[in-house]
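Colleague: Here's a structure for you.
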Amino acid sequence: MSVHPGWPEKLGPLRVSAGVVTLRPIRLRDASTWSRLRIRDREHLEPWEPTGESPWDARHHVTVWPSLCGSLRSEARKGRILPLVIELDGNYCGQITIGNIVRGALCSAWVGYWVASDVTGGGVATAAVALTLDHAFSRVGLHRVEATVRPENSSSRAVLHNAGFREEGLLRRYLDVDGQWRDHVLVGMTVEEIPITVVDRLVRAGRASWA
Ligand code: ACO
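Using this note's numbering, the first residue of the sequence shown is number 653, and each one after it goes up by one.
This is the structure we're talking about:
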């Protein structure tokens with residue numbers, strides 16, 4: 653098996669109420685859109701994201717992207733992560749990442765995501781998670797994918813529930829988020845729990861359709 657199965661590949665398209673969702677590898681020319689959306693959406697994103705070492709605007713300045721993108725793509729080539737852009741109708745609107753890919757007897761990873769504030773509520777994140785999970789369990793060859801989410805993050809918990817994740821417990825003071833050690837709900841899914849694909853399950857539930 654290649655050290656980076658499933659990378660770099662495009663996923664989708666999948667139609668949801670907001671439009672057509674596709675996923676693609678991050679690229680250098682995402683710099684200005686990434687910076688503009690992340691700085692504009694600070695209030696929407698910061699309560700749910702790991703605390704950074706420098707101020708928000710500095711961390712998301714357009715000049716930061718080339719080295720960040722380069723190191724993420726380097727990790728992706730080594731098979732450790734899959735950093736993907738979420739596109740809605742062909743436009744960058746967020747990111748989804750499979751991280752900490754561990755092979756061997758674990759064959760596991762986590763998934764994390766964000767979507768720009770002006771396109772929320774239209775099924776974009778749910779579609780992105782479904783496409784990513786199917787990719788993780790097929791092309792990437794993982795056995796388990798997990799995610800952690802703050803109990804207060806109702807919309808993200810709905811996304812994870814609608815994608816078919818199972819809640820596994822509460823991790824006390826798990827992660828430094830928005831300046832404090834925050835509890836997180838751990839959710840998980842293994843390949844045995846998917847009788848059809850995750851996307852098929854969304855389509856059958858009327859939440860998405862093939863584009
Ligand atoms: N209470 C309960 N449910 C809610 C609420 C609320 N206050 N607000 C929205 N929802 C529900 C919606 O009704 C919908 O569920 P439904 O389809 O059953 O009706 C669901 O939340 C949202 O589903 P989508 O439309 O697919 O999600 P969206 O594209 O709006 O993206 C996301 C959600 C990713 C959480 C976005 O709001 C975001 O980027 N937030 C900031 C960053 C963040 O929280 N990222 C996730 C961190 S946790 C992790 O990565 C595992």
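For every residue, glycine included, the Cβ atom is placed at its ideal position computed from N, Cα and C.
Keep in mind the model is a prediction, meaning the values are calculated, not measured.
Going along the chain, which unbroken runs of the alpha helix (DSSP H) with 4 or more residues stay wholly within the segment 659-726?
Modeller: 683-692, 694-697, 708-711
Colleague: Can you tell me whether DSSP reads E804 as helix, strand or coil?
Modeller: coil
Colleague: Evaluate R825 with the Cβ neighbour count: other Cβ atoms within 10 Å of its Cβ, from every protein chain shown; 16 or more gives buried, anything less gives exposed.
Modeller: By the neighbour-count criterion, in which a residue is buried when 16 or more other Cβ atoms sit within 10 angstroms of its Cβ, R825 is exposed.
Colleague: Could you check if T772 belongs to the surroundings of the ligand ACO, using beta carbon to heavy atom distance under 8 Å?
Modeller: yes
Colleague: Kindly examine the ligand ACO and report whether one of its heavy atoms sits closer than 8 Å to the Cβ of R802.
Modeller: The answer is yes for R802.
Colleague: Does DSSP classify T772 as helix, strand or coil?
Modeller: coil
Colleague: Check the C-beta distance from I678 over to V737 and give it rounded, since I have them as a contact under 8 Å.
Modeller: Yes, I678 and V737 are in contact; Cβ-Cβ is about 5 Å, under 8 Å.
Colleague: Mind listing, in chain order, the continuous alpha helix (DSSP H) runs of no fewer than 4 residues lying wholly within the segment 786-855?
Modeller: 806-815
Colleague: Any heavy atom of the ligand ACO closer than 8 Å to the CB of T674?
Modeller: With a cut-off of 8 Å, the C-beta of T674 is classified as distant from the ligand ACO, since no heavy atom of the ligand falls inside that distance.
Colleague: Tell me which same chain residues have a C-beta within less than 6 Å of the C-beta of R667, skipping the five on either side of it?
Modeller: S861, A863
Colleague: Let me know the beta strand (DSSP E) ranges lying completely inside the segment 727-784, each 3 residues or longer, listed in chain order.
Modeller: 734-740, 743-754, 760-767
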